[in-house]
Amino acid sequence: MRFAFASYQKHRLRVLPVLRRTDEKNKHNFADEVDMALLDDRAFLFLCDGGFIVLQPIVKDGSSWVNIMFAYSWGTTALPCYMNDIFHLAGDIGAVGVELYTVVKKLERFLIRKGFSKDSGNNRIQHWVKRF
Numbered sequence: 003m004r005f006a007f008a009s010y011q012k013h014r015l016r017v018l019p020v021l022r023r024t025d026e027k028n029k030h031n032f033a034d035e036v037d038m039a040l041l042d043d044r045a046f047l048f049l050c051d052g053g054f055i056v057l058q059p060i061v062k063d064g065s066s067w068v069n070i071m072f073a074y075s076w077g078t079t080a081l082p083c084y085m086n087d088i089f090h091l092a093g094d095i096g097a098v099g100v101e102l103y104t105v106v107k108k109l110e111r112f113l114i115r116k117g118f119s120k121d122s123g124n125n126r127i128q129h130w131v132k133r134f
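The sequence shown runs 3 to 134 under the numbering used here.
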């Protein structure tokens, strides 16, 4: 795996400003939700080359899933670089699929290529799911 679990408490001063800037740029209002999930140990921070990913295990319809709460890289785009690692980690914990919410339209072709389907119609905040 090309990313590693990290303590959010230890990295919060670097991560939270990125969450807030992205929240403001995308007008998505998610930074506080991600911050609280990390502080409450409901989500987990993973560091990767030049960035980080926040993953949240959830239960949906009685099955385990992984919600990709946030992915960021200062250089390359984090999701294309690390999606296969995310799938592997999700499988390791017995998840039946992966989901994410995004306002980033440029991700659409990539997500479709990776087997995701849009679950939220044409809302500005799109919900994407991939069942394994």
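Using N, Cα and C, we set each Cβ at its ideal position, and we do this for glycine too.
Put Ile60 into one of helix, strand or coil per three-state DSSP. strand
For Asn125, does the count of other Cβ atoms within 10 angstroms reach 16, so buried, or fall short, so exposed? exposed
Looking at Trp130: is its Cβ nearer than 8 Å to the Cβ of Phe112? no
Does the Cβ of Met71 have 16 or more other Cβ atoms within 10 Å, making it buried, or fewer, making it exposed? It is buried - the Cβ of Met71 has at least 16 other Cβ atoms within 10 Å.
First and last residue of the alpha helix (DSSP H) that includes Leu18? Tyr10 to Asn28
Based on the DSSP output, what are the partners of Arg115 in its beta bridges? Bridge partners of Arg115: none, in fact.
C-beta contact flag for Ala97 and Ser122 at 8 Å: no
For Asn69, name the three-state secondary structure that DSSP assigns. Of the three classes helix, strand and coil, the one that applies to Asn69 here is strand, per DSSP.
What residues in its chain sit with their C-beta under 8 Å from that of Asp77, if we drop five residues either side in the sequence? For the record, residue 77 in the displayed sequence is Gly; it is not Asp. For Gly77, where only same-chain residues beyond five positions count, the Cβ hits under 8 Å are Asp51, Gly52 and Gly53.
Can you give the Cα-Cα distance for Phe134 and Ala92, rounded to whole angstroms? 10 Å
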